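Chains as they are written, first to last, in my numbering: chain A, 1 to 336; chain B, 337 to 672.
Every residue, glycine too, gets a C-beta built ideally from N, C-alpha and C.
These numbers were taken from a predicted model, which means no experiment stands behind them.
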């Protein structure tokens, strides 16, 4: 039975057309021993007994953008959520919600990105589901990915950041948000703007393996660096002081941010991890990050400071500080 | 900050409105120790090392129908996928994709159904995510649920059904599909038609605990009993012969099926498990099922027969047999 070139309602109906879609599109791309029986659940062997479990929905518009697509995102985003929890990502599941008429070549392209990103991250896609809704009832393709990982032994002080700790990031801030926005609005720049979308578990492994006194890791997705630092500081006596001059921005994100009046600190990243580490280990952490392909532009961007009452501030030079508020909502919807 | 009465784009933006939605709607309903830290991943302790992992998307239209709603379905469906794999369901994650403007009271009602069904099934909702898309880019509410369970020791012969085995089901066939269809089309019947939507892990536990020689379990969702039996028999020398007179149908499903020309054997169930057991254990299996509240109308409906070449047939009386084909697609889209 031929699949045709567009997604049909029947591709989600549980009959033979569903079977053809699963075999020809998903199984070919994701083939692994846990997926192949195509049972109701994947059966997994996991030696440890402490697991991390996470889920995320992906609705990015447009689904294809410079530097990645919704498939890259759907794997990297969930891998990163596991990795920042201190887990080694192992297994993913994915649930597709497709709009009737979605082009099958586009679906194959998304699935190929998922397979490539999973391979890069060393994870297996072991379970999946596809639903198809009528034309007009969804916007092309939505993916929800869940992930499971083995939790490692975490360093003393993990989850307990405090004054004197340093804040680092593995590269330029806000690229994903601006790249998607530019793709959506058809903005054309001389400076190329690419999403930073990537699985960060390798970089994070290197940080743990270095024996650093890590306190906190978080990927700076929706709401950007501003949102996660505000969440981190909220309710504490201490706050976070960022050094404005130390914040790494790509030239393209910087200029697009100025044109649109959007602070890149509020724009989503999909390949950036904010690292909080004991001050004494900050230099070593920076070195470890810069030695990794995804951390070459890593920077020490600030520190936790007593007396800031849960605020996040940016030192803008000459002793001036501006408060970096918690965003109310996303300035750029459908960014991930 | 007040949530208001409709879902806004900002409720999915990762800022303070997202936080309010999470705290006031989800955490209140699902509160459990693994969810409460609200980290990037839930941390779980699982004694066994063999796990089952599954995912399913739920896009049912309308989201509320007699006998349940998309929330009941999103928990029961995933619990059932784990249970029929021989696992004891333990932890669920849920990813919501909401359309801007979706009424918050409806979201609370869905979440309350999820919490109640999770409690009935003895599982915890430990991780979640919410995305909001612009009005017109989704149809109200979609939910993807993933689930994790501990795999039990499976009986000898599990996964290897063969001639002489019997086929049982725990009650009337096709009620969910017809109930959703009737709700969608505004059909009004004198005979009440209710979805059978329910978590089956308790009933399935009872079957395993009875020490029966179970060969195969499957919940008969999309494509109905016809689809799963065809999948089971496909490629084998044996086939499945159903006794037409033994098939349990509710009066409402039977009459609606006749009016619409839809065979209830192709309609979705959300609280029905097809059980294949060694012929010698069929009587005991029927007894165990009928002792459970969700199996009071359980029936022995057929047997695996040599020489049928992978076909599923229904004996319609006087020795006549009709072939029950694999459905091409779903006759009733958006049924789950």
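Neighbourhood of residue i by C-beta distance below 7 Å, restricted to the same chain and skipping five residues each side
i: residue 74 of chain A; result: 58, 94, 114, 143, 145
i: residue 366 of chain B; result: 451, 461
i: residue 672 of chain B; result: 394, 396, 409, 413, 557, 558, 604, 606
i: residue 398 of chain B; result: 519, 520
i: residue 236 of chain A; result: 310
Local conformation of residue i per DSSP, three classes
i: residue 19 of chain A; result: helix
i: residue 87 of chain A; result: strand
i: residue 102 of chain A; result: coil
i: residue 169 of chain A; result: strand
i: residue 218 of chain A; result: strand
i: residue 301 of chain A; result: strand
i: residue 261 of chain A; result: coil
i: residue 289 of chain A; result: helix
i: residue 489 of chain B; result: coil
i: residue 651 of chain B; result: strand
i: residue 129 of chain A; result: strand
i: residue 578 of chain B; result: strand
i: residue 367 of chain B; result: coil
i: residue 207 of chain A; result: helix
i: residue 562 of chain B; result: helix
i: residue 45 of chain A; result: strand
Contact test: residue i Cβ vs the ligand ADP heavy atom, cutoff 7 Å
i: residue 36 of chain A; result: Questions concerning the ligand ADP fall outside what the structure shown contains, since it holds no ligand whatsoever.
Whole-angstrom distance between residue j and residue i, CA atom to CA atom
i: residue 491 of chain B; j: residue 134 of chain A; result: 42 Å
i: residue 23 of chain A; j: residue 590 of chain B; result: 34 Å
i: residue 212 of chain A; j: residue 284 of chain A; result: 8 Å
i: residue 390 of chain B; j: residue 569 of chain B; result: 23 Å
i: residue 32 of chain A; j: residue 197 of chain A; result: 24 Å
i: residue 214 of chain A; j: residue 153 of chain A; result: 12 Å
i: residue 639 of chain B; j: residue 578 of chain B; result: 7 Å
i: residue 387 of chain B; j: residue 486 of chain B; result: 5 Å
i: residue 456 of chain B; j: residue 617 of chain B; result: 28 Å
i: residue 352 of chain A; j: residue 209 of chain A; result: In the structure as shown, chain A starts at 1 and stops at 336, and residue 352 of chain A therefore has no counterpart that could be examined.
i: residue 192 of chain A; j: residue 175 of chain A; result: 10 Å
i: residue 445 of chain B; j: residue 400 of chain B; result: 9 Å
i: residue 566 of chain B; j: residue 66 of chain A; result: 44 Å
Presumed contact (8 Å Cβ cut-off) between residue i and residue j, rounded CB distance
i: residue 503 of chain B; j: residue 637 of chain B; result: 5 Å
i: residue 102 of chain A; j: residue 6 of chain A; result: 7 Å
i: residue 630 of chain B; j: residue 537 of chain B; result: 10 Å between Cβ atoms; not a contact.
i: residue 584 of chain B; j: residue 633 of chain B; result: 5 Å
i: residue 420 of chain B; j: residue 609 of chain B; result: 6 Å
i: residue 574 of chain B; j: residue 655 of chain B; result: With a Cβ gap of about 19 Å, residue 574 of chain B and residue 655 of chain B do not count as contacting.
i: residue 111 of chain A; j: residue 25 of chain A; result: 6 Å
i: residue 100 of chain A; j: residue 139 of chain A; result: That belief does not hold up - the Cβ atoms of residue 100 of chain A and residue 139 of chain A are roughly 12 Å apart, past 8 Å.
i: residue 582 of chain B; j: residue 653 of chain B; result: Contact flag wrong, Cβ pair sits at about 11 Å.
i: residue 417 of chain B; j: residue 458 of chain B; result: About 16 Å; that fails the 8 Å criterion.
Residue-level contact to chain B via CB, residue i, 8 Å cutoff
i: residue 39 of chain A; result: yes
i: residue 63 of chain A; result: no
i: residue 215 of chain A; result: no
i: residue 94 of chain A; result: yes
i: residue 135 of chain A; result: no
i: residue 51 of chain A; result: yes
i: residue 187 of chain A; result: no
i: residue 13 of chain A; result: yes
i: residue 124 of chain A; result: no
i: residue 179 of chain A; result: no
i: residue 88 of chain A; result: no
i: residue 55 of chain A; result: yes
Residue-level contact to chain A via CB, residue i, 8 Å cutoff
i: residue 497 of chain B; result: no
i: residue 395 of chain B; result: yes
i: residue 324 of chain B; result: Look at the range of chain B in this structure, 337 to 672, and you will see that residue 324 of chain B is not part of it.
i: residue 464 of chain B; result: yes
i: residue 453 of chain B; result: no
i: residue 467 of chain B; result: yes
i: residue 670 of chain B; result: yes
i: residue 585 of chain B; result: no
i: residue 484 of chain B; result: yes
i: residue 653 of chain B; result: no
Neighbourhood of residue i by C-beta distance below 8 Å, restricted to the same chain and skipping five residues each side
i: residue 38 of chain A; result: 22, 27
i: residue 615 of chain B; result: 500, 501, 502, 639
i: residue 562 of chain B; result: 599, 601, 602, 648, 660, 661, 662, 663
Own chain, CB closer than 6 Å to residue i, minus 5 neighbours either side, in chain order
i: residue 462 of chain B; result: 370, 371, 378, 427
i: residue 592 of chain B; result: 514
i: residue 586 of chain B; result: 508, 511
i: residue 292 of chain A; result: 203, 206
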